[in-house]
Amino acid sequence: MAPPVPAAAPAPAAEPAAPAERKGWLSRLTQGLRKTGGSIAQVFTGTRIDDALYEDLESALLMADAGVGATEFLLADLKRRVKDTKTTEPAAVKRLLADAVADLLRPLQKSLAIGSASPTVIMVAGVNGAGKTTTIGKLTRHLAAADCKVLLAAADTFRAAAREQLAVWADRNQVQVVSQEGGDPAAVTFDAVAAGRARGCDVVIADTAGRLPTQLHLMEELKKIHRVIGKAQEGAPHEVLLVVDGNTGQNALAQVKAFDAALGLTGLIVTKLDGTAKGGVLAAIARWGAEQGRVIPVYFIGIGERVEDLQTFDAREFAQALLGE
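Residue numbers (our numbering): 62 to 386.
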């Protein structure tokens, strides 16, 4: 992939995966979502389309943490599709549900673009355990593979292991990292942005400390980091990403709401979707965004520990994997 291009035509963060690699990843995604999709697919194993089927589907969607709003929306949409197509077979209804899910999720599908600013500054937040630092390492690999010069800011200064972990990823991806032991997170980020500008970097990624949105004093610190980045470079941060653990279900939506209120999120990365029974939360996030008139795209989803297990989000692929289509 070409290096970042002028602001008029931002470059996507990474080339699409090769067809064989993508096909293998989709197979793993389908396997990973089996706990979520299995209970939904089970609804369509009968021979009749009746109220009992829709009631069972409602329960399955709620159990998958799709949430009340998305569940009601999908059921109404599905019933309309069944009526319009005069479908009489449960298996065909399942395919219509896959279409409905794909259409609901499609607004979340957007590519992360790099190159509208130099450097493009990405601030990454998330709660402890969401896989934030590992995800930053994988994202760095994507960017480096796209010929982007990346600089990492180890702004999680409270956890020594976070700095060490980020340093390992920096070494693995052959990129530089700005770090201070016990330093002020905002100051570390300021220095990193300044260094990124001086060194001609394409991207600066700031790894902030993991925290719960209920820890108000720590959320205030995140806001401070956000403000300081803006002082280091006008218009920055250009992306504010939240890493959320797909296993947390409706709590993931609560995190999105809280961090968006504090920082103004521009995108999400949903991790740990392998083996989860709560993959329906993406539908909940999509429906919440539609109701708010504010869509926060899902740039990447992750299903495992390997670098290649973090891939761009595609609504149709996800819907088909979810329902085993």
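All residues carry an ideal CB built from backbone N, CA and C; glycine is no exception.
Assumed close pair residue i, residue j - CB separation to whole angstroms, cut-off 8 Å
{"i": "ALA247", "j": "ILE286", "result": "5 Å"}
{"i": "LEU250", "j": "ILE290", "result": "In the sequence as presented, Leu is not what sits at residue 250; that position holds Thr. Their Cβ separation, rounded to whole angstroms, is 6 Å, which keeps THR250 and ILE290 in contact under 8 Å."}
{"i": "LEU303", "j": "LEU329", "result": "5 Å"}
{"i": "THR97", "j": "LYS339", "result": "7 Å"}
{"i": "ALA214", "j": "VAL239", "result": "5 Å"}
{"i": "ALA178", "j": "HIS299", "result": "5 Å"}
{"i": "LEU212", "j": "VAL236", "result": "7 Å"}
{"i": "ALA382", "j": "LEU94", "result": "5 Å"}
{"i": "ALA255", "j": "ALA315", "result": "With a Cβ gap of about 35 Å, ALA255 and ALA315 do not count as contacting."}
{"i": "ASP117", "j": "GLN311", "result": "Not really, about 20 Å apart at Cβ, beyond 8 Å."}
{"i": "LEU273", "j": "VAL331", "result": "Actually they do not touch by this definition, with Cβ atoms about 18 Å apart."}
{"i": "GLU352", "j": "GLY99", "result": "Incorrect: roughly 28 Å between the Cβ atoms, too far for contact."}
Same chain, Cβ closer than 7 Å to residue i, five either side skipped, listed in chain order
{"i": "PHE105", "result": "PRO151, ALA152, VAL154 and LYS155"}
{"i": "ALA70", "result": "In this predicted model, ALA70 has a pLDDT of only 45, less than 50, meaning its place in the structure is not dependable enough to derive any value."}
{"i": "PRO80", "result": "none"}
{"i": "PHE389", "result": "Absent from the structure is residue 389, since the part of the chain shown begins at 62 and ends at 386."}
{"i": "GLU295", "result": "none"}
{"i": "LEU6", "result": "The displayed coordinates of the chain run from 62 to 386. Any statement about residue 6 would go beyond what the structure contains."}
{"i": "PHE374", "result": "LEU169, GLN170, VAL359, TYR360, PHE361 and ILE362"}
{"i": "ALA253", "result": "LEU212, ALA214, VAL239, VAL265 and ALA267"}
{"i": "GLY107", "result": "LEU114 and PRO151"}
{"i": "ASP138", "result": "ALA161"}
{"i": "GLU119", "result": "THR132 and LEU136"}
Residue i Cβ short of 7 Å to the ligand HEM heavy atom set
{"i": "LEU169", "result": "The ligand HEM is absent from the structure shown, which contains no ligand whatsoever."}
Among the options, nearest to residue i - alpha-carbon criterion
{"i": "ASP306", "options": "LEU123, LYS140 and THR196", "result": "THR196"}
{"i": "ARG367", "options": "THR181, GLN381 and ASP335", "result": "ASP335"}
{"i": "ARG89", "options": "PRO298, LEU173, GLY363 and ARG260", "result": "GLY363"}
{"i": "ARG83", "options": "THR218, GLU378 and GLY385", "result": "GLU378"}
{"i": "THR201", "options": "ILE266, GLN311 and GLU119", "result": "ILE266"}
{"i": "LEU384", "options": "ILE101, LYS140 and GLN241", "result": "ILE101"}
{"i": "ALA174", "options": "GLY365, GLU386, THR218 and PRO358", "result": "PRO358"}
{"i": "GLU242", "options": "ALA222, LEU139 and THR218", "result": "THR218"}
{"i": "ARG355", "options": "VAL317, ASP111 and GLU369", "result": "VAL317"}
{"i": "VAL264", "options": "VAL129, SER172, ALA297 and LEU139", "result": "ALA297"}
{"i": "THR309", "options": "GLU352, ALA253, GLY190 and LEU139", "result": "GLY190"}
{"i": "LYS140", "options": "LEU157, GLY130 and GLY128", "result": "LEU157"}
{"i": "LEU324", "options": "GLY350, GLU281 and PHE361", "result": "GLU281"}
{"i": "ASP268", "options": "ARG220, LEU122 and LEU204", "result": "ARG220"}
{"i": "GLY261", "options": "ASP112, THR181 and LEU283", "result": "THR181"}
{"i": "GLY350", "options": "ARG258, GLY128 and GLU369", "result": "GLY128"}
{"i": "GLY365", "options": "LEU122, GLN353 and THR337", "result": "THR337"}
{"i": "ALA216", "options": "MET124, ARG142, LEU123 and ASP245", "result": "ASP245"}
{"i": "ASP111", "options": "THR91, GLN92, LEU136 and GLY99", "result": "LEU136"}
{"i": "LYS210", "options": "ARG258, ASP252 and ALA222", "result": "ARG258"}
Delimiting residues of the alpha helix (DSSP H) encompassing residue i
{"i": "THR146", "result": "128–146"}
{"i": "ILE286", "result": "277–293"}
{"i": "GLU300", "result": "Note, GLU300: premise wrong, no alpha helix (DSSP H); beta strand (DSSP E) at 300–306."}
{"i": "PHE361", "result": "Premise fails: PHE361 lies in the beta strand (DSSP E), 359–363, not in any alpha helix (DSSP H)."}
{"i": "ILE110", "result": "It is not in any alpha helix (DSSP H) - ILE110 carries neither H nor E in the DSSP assignment."}
{"i": "ASP268", "result": "First-last for ASP268: 264–269, but that is the beta strand (DSSP E), not the alpha helix (DSSP H)."}
{"i": "LEU94", "result": "No alpha helix (DSSP H) holds LEU94; DSSP gives it neither H nor E."}
{"i": "THR250", "result": "246–259"}
{"i": "PHE379", "result": "376–384"}
{"i": "PRO151", "result": "151–166"}
{"i": "GLU352", "result": "342–353"}
{"i": "LEU169", "result": "No alpha helix (DSSP H) holds LEU169; DSSP gives it neither H nor E."}
{"i": "ALA297", "result": "That residue, ALA297, is in no alpha helix (DSSP H); it is neither H nor E in DSSP."}
{"i": "THR201", "result": "193–206"}
First and last residue of the uninterrupted beta strand (DSSP E) at residue i
{"i": "LEU213", "result": "211–216"}
{"i": "ALA315", "result": "From DSSP, ALA315 is part of no beta strand (DSSP E) but of the alpha helix (DSSP H) over 311–324."}
{"i": "ALA186", "result": "181–186"}
{"i": "LEU329", "result": "328–332"}
{"i": "GLN372", "result": "371–373"}
{"i": "GLN237", "result": "237–239"}
Contacts around residue i, its chain only, beta-carbon distance under 6 Å, and the 5 residues preceding and following it disregarded
{"i": "GLY198", "result": "TRP230"}
{"i": "ARG167", "result": "ALA376"}
{"i": "LEU169", "result": "ALA347, PRO358 and VAL359"}
{"i": "LEU134", "result": "It is worth fixing the name first, because residue 134 is Phe in this sequence and not Leu. Cβ neighbours of PHE134 beyond the five flanking positions: ARG348."}
{"i": "LYS171", "result": "PRO358"}
{"i": "ASN234", "result": "THR201, ARG202 and ALA205"}
{"i": "LEU123", "result": "THR132"}
{"i": "ALA68", "result": "Residue placement at ALA68 is flagged as unreliable, the pLDDT there being 40, under the threshold of 50; the coordinate-derived value follows with that caveat. Counting only Cβ-Cβ distances below 6 Å, and skipping sequence neighbours, we find SER177."}
{"i": "THR91", "result": "ALA382"}
Close beta carbons around residue i, own chain, < 8 Å, minus the five adjacent residues each side
{"i": "ARG109", "result": "PRO151"}
{"i": "ALA322", "result": "none"}
{"i": "LYS284", "result": "ALA323 and LEU324"}
{"i": "ARG142", "result": "THR148, LEU157, ASP160 and ALA161"}
{"i": "GLU386", "result": "LYS155, ARG156, ALA159 and ALA380"}
Inspect the CB distances between the stretch 335–347 and the stretch 160–168 and report whether three or more fall short of 8 Å.
-> Three or more Cβ pairs closer than 8 Å define a contact, and the stretch 335–347 meets that threshold against the stretch 160–168.
Touching by the beta-carbon criterion (3+ pairs, under 8 Å), the stretch 194–213 and the stretch 224–233 | Segments in contact, yes.
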